[in-house]
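So the working numbering is basically just the index in the sequence shown, starting at one, shifted up by 1361. Here's the structure, in structure tokens; my notes come after.
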Amino acid sequence: MREQELEQRFGTSRSPIREALRLLELSGLVTHVQRKGFRVTLYSETQIRHLYKLRAELEAYCIRQVAEIDDISPLVAELRSYDEAIAAAMAKGDVRAYISALREFYLASARFTGNSPLADVLTKLYEQVEPLRYLLARQTMASNNLQAYTQGITQALDQRDFDRAAELTRNYVVDVLPGILRAYHEASLQDAEESASRYGRA
């Protein structure tokens, strides 16, 4: 995609388009190709596995950092509010609200530790995997068992059972990985078919 094409499509000037593309590139969501413009970043199965395994370990590490804090009742209350937002989004079938609430739920622990570098790394990681989570949520939001994890994590933290909370956090990320890979593969096949239909087969 080129800046000129996006400018015409959205009816806006070049400056905001350029800034949006710059931010997307910084987040790793698009890459710039010399003399061709920008393209959406494509992941290999290995890259997706690496991203999710890293996320699993970092989120579990966040929980262990929280264990060093005496009063975590504000965090527990915050997690409950996000869990309610997740439930509301699922009831409405609102994928964007669901993804947003889920992201905030899992970032809350990192922010609560006060460890800014850790929170920054996780935020960047979430930005990278958000398109993948969106693909999965569109297919499974109505039937997944996410809240068994979010409620379990919240309850474990309320009881200061940090080992259990860390285990649930890690298990959730590992358990959704097969679905993420399947959804991404299906979306890639669909995109390839649409491109072939649009431009004609070689």
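Cβ atoms here follow ideal geometry from the backbone N, Cα and C, with glycine treated the same way.
Answer yes if the stretch 1428–1443 comes into contact with the stretch 1518–1532, meaning at least three C-beta pairs across the two stretches below 8 Å, and no otherwise.
yes
7 Å Cβ shell around ALA1563 - same chain, five flanking residues per side excluded
For ALA1563, the predicted structure reports a pLDDT of 47, less than 50, and the residue's modelled location is therefore unreliable. A value from the coordinates is still provided. Answer for ALA1563: no residue qualifies.
Determine whether the beta carbon atoms of VAL1456 and TYR1495 lie at a separation below 8 Å.
yes
Would you mind stating whether ALA1469 and LEU1436 have Cβ atoms separated by less than 8 Å?
Going by C-beta atoms, ALA1469 is nearer than 8 Å to LEU1436.
For TYR1467, which residues of its own chain have a beta-carbon under 7 Å away from its beta-carbon, when the five flanking residues on both sides are left out?
GLU1420
Which of helix, strand or coil DSSP assigns to ALA1428
coil
For THR1328, is the classification buried or exposed, using 16 other Cβ atoms within 10 angstroms of its Cβ as the cut-off for buried?
Nothing can be reported for residue 1328, as the shown portion of the chain is limited to 1362 through 1563.
Quick check on ARG1521: does DSSP put it in helix, strand or coil?
coil
Please tell me whether THR1501 and GLY1475 are closer than 8 Å, where the distance is taken between their beta carbons.
no
Compare the beta carbon distance of ILE1447 and GLN1508 with 8 Å and say whether it is the shorter of the two.
yes
So ASP1455 is in the alpha helix (DSSP H); what residue range does that whole segment cover?
Note, ASP1455: premise wrong, no alpha helix (DSSP H); not H, not E.
Close Cβ partners of TYR1413 (< 6 Å) along its chain, the five nearest in sequence each way excluded:
VAL1534 and LEU1538
Buried or exposed by the 16-neighbour rule on C-beta atoms within 10 Å, applied to ALA1417
buried
If TYR1459 and LEU1493 are in contact, beta carbons under 8 Å, what's the gap, nearest whole angstrom?
That belief does not hold up - the Cβ atoms of TYR1459 and LEU1493 are roughly 14 Å apart, past 8 Å.
If we count the other Cβ atoms within 10 Å of its Cβ and call it buried at 16 or more, is ALA1438 buried or exposed?
Exposed, since its Cβ has fewer than 16 Cβ neighbours within 10 Å.
Cβ-based burial, ALA1452 [other Cβ within 10 Å; buried from 16]:
Exposed: under 16 other Cβ atoms inside 10 Å.
Relative to the C-alpha of ARG1464, which residue among GLY1454, LEU1518, ASP1432 and ALA1498 is closest?
ALA1498
Mind checking which residues open and close the alpha helix (DSSP H) that includes SER1477?
1477–1501 is the extent of the alpha helix (DSSP H) around SER1477.
Whole-number beta carbon distance between CYS1423 and LEU1479, since they are thought to touch under 8 Å:
7 Å
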